[in-house]
Amino acid sequence: MTVLSTGPIDNSPVLGVNPSSFVTVRIVNRDLVNSSALQIYGYILNGERTMYVSELIEVFPNQVLTRNYSTNFVAYEFVFTITGSAANETEVSVWGKTSSGELVDAHRLVGSEQLGSV
């Protein structure tokens with residue numbers, strides 16, 4: 001089992017607008033034979049940690065999936081729990097985007113670079 005977290009992400013408004021309106025979560029299972037299961041938890045951080053996303057996804061061999069979640073909050077966090085035979089071959093990346101779909105560089109989290117194990 002692998003547990004990854006974005007850690008708390010500051011999304012404080014700039015000129016009245018949150019930098020990221022939503023995030024795109026990209027999931028890749030590089031195993032050619034085995035599946036994995038991915039539990040996604042999203043939290044609003046506003047003085048307390050409030051869960052607003054809870055989704056369980058089966059990721060089939062060699063499959064790539066994309067999910068989009070609203071992040072129009074002052075702060076947020078995502079936690080990913082990966083289980084199954086292909087857990088070590090399943091990667092997750094998180095991409096913060098503006099309301100028009102442009103990437104927010106400060107909210108770009110790629111598994112091999114910044115996502116931390118819990």
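Residue numbers (the numbering used here): 1 to 118. Using N, Cα and C, we set each Cβ at its ideal position, and we do this for glycine too.
Compute the distance between the beta-carbons of Tyr43 and Tyr76, then report whether it is under 8 Å.
Closer than 8 Å, so yes.
In angstroms with no decimal places, state the Cα-to-Cα distance between Val14 and Ser20.
Computed Cα separation, rounded: 10 Å.
Under 8 Å: do the stretch 57-67 and the stretch 31-40 share three or more Cβ pairs, one atom per stretch?
With the cut-off at 8 Å, the stretch 57-67 and the stretch 31-40 touch.
Do you know how far the Cα of Asn29 is from the Cα of Asp10?
Roughly 29 Å separates the two Cα atoms.
Residue ranges of each beta strand (DSSP E) run of no fewer than 3 residues wholly in the stretch 36-99, ordered along the chain?
Listed in chain order, they are 36-45, 49-59, 64-70, 75-83, 90-97.
Would you say Gly96 and Thr66 are within 8 Å of each other, going by their C-beta atoms?
Their beta carbons are not under 8 Å apart, which means Gly96 does not touch Thr66 by this criterion.
How many angstroms separate the CA atom of Ser5 from the CA atom of Ser93?
In a straight line, the C-alpha of Ser5 is about 11 Å away from that of Ser93.
Could you tell me whether the Cβ atoms of Asn62 and Leu32 are closer together than 8 Å?
It is a contact, given that the beta carbons lie within the stated cut-off.
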